[in-house]
Amino acid sequence: DDAILGTARLIELTLPNAEIRVGLSWASIEHALGVKTLERERWAVLAAAKLPKPVPEAERNSPVLVMDRKGRLRDLKRHGLKGIIVLDGTWSQAKTLWWRNAWLLKLPIIVLKPREASMYGRLRKAPRKEWVSTLEAVGEVLPALGEPEAVRTSLRRLLRTLLQRARDAA
């Protein structure tokens, strides 16, 4: 099921700077990315995190928020991010990755409030209605961080095709 419905590979094939790293635990972000040094504050992790309370009025309807490691909201227009780490796998695998890599807690966190429910529907049930696939999440986040909306449209089109093929094969 995950081999058929997984979306990380589609992201890697579609987005020129996307890269898949497979593993369970890494000592640091540098180790995970295979580099000696990098500007940690310019990287963020996309996570199912709780929003700070209260969320300022101006940000309440935003589908994407960026928080620093202390839970303070960062200005989305001046985020200065160079890269995003997205945890992929089943819901329980992603949760395990989060807890086994404590360095993730030191990065800014991207919190997603998707504009739409997951396209998976009955093919794959999410633990929460606001959680979406890796591809859907990336498709929501990139335009919010300055990429063209066409990126989201293209990724969603790919997912629609994948899901239709899975339904046809069932």
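Here this note's numbering is used: the first residue of the sequence shown is 23, the next is one more, and so on.
Positions of the beta carbon are idealized from the N, C-alpha and C atoms, including for glycine.
Distances from the alpha-carbon of residue 70 to those of 188, 27 and 87 put 87 closest. Taking each of 49, 183 and 75 in turn and checking the Cα distance to residue 141, the smallest one comes out for 183. Around the C-beta of residue 97, fewer than 16 other C-beta atoms lie within 10 Å, and the residue is accordingly described as exposed. A check of alpha carbon separations from residue 26 across 95, 94 and 111 identifies 111 as the nearest. In this structure, the alpha-carbon of residue 60 lies about 14 Å from that of residue 130.
Secondary-structure assignment with DSSP links residue 89 through a beta bridge to 95 and 131. The beta strand (DSSP E) runs of length 3 or more contained entirely in the segment 100-130 are, from start to end of the chain, 105-108. Closest option to residue 102, judged by alpha-carbon separation, among 180, 188 and 168: 168.
For a cut-off of 8 Å, the C-beta gap from residue 137 to residue 85 is around 5 Å, short enough to register as a contact. Straight across, the Cα-Cα distance linking residue 151 with residue 145 is about 14 Å.
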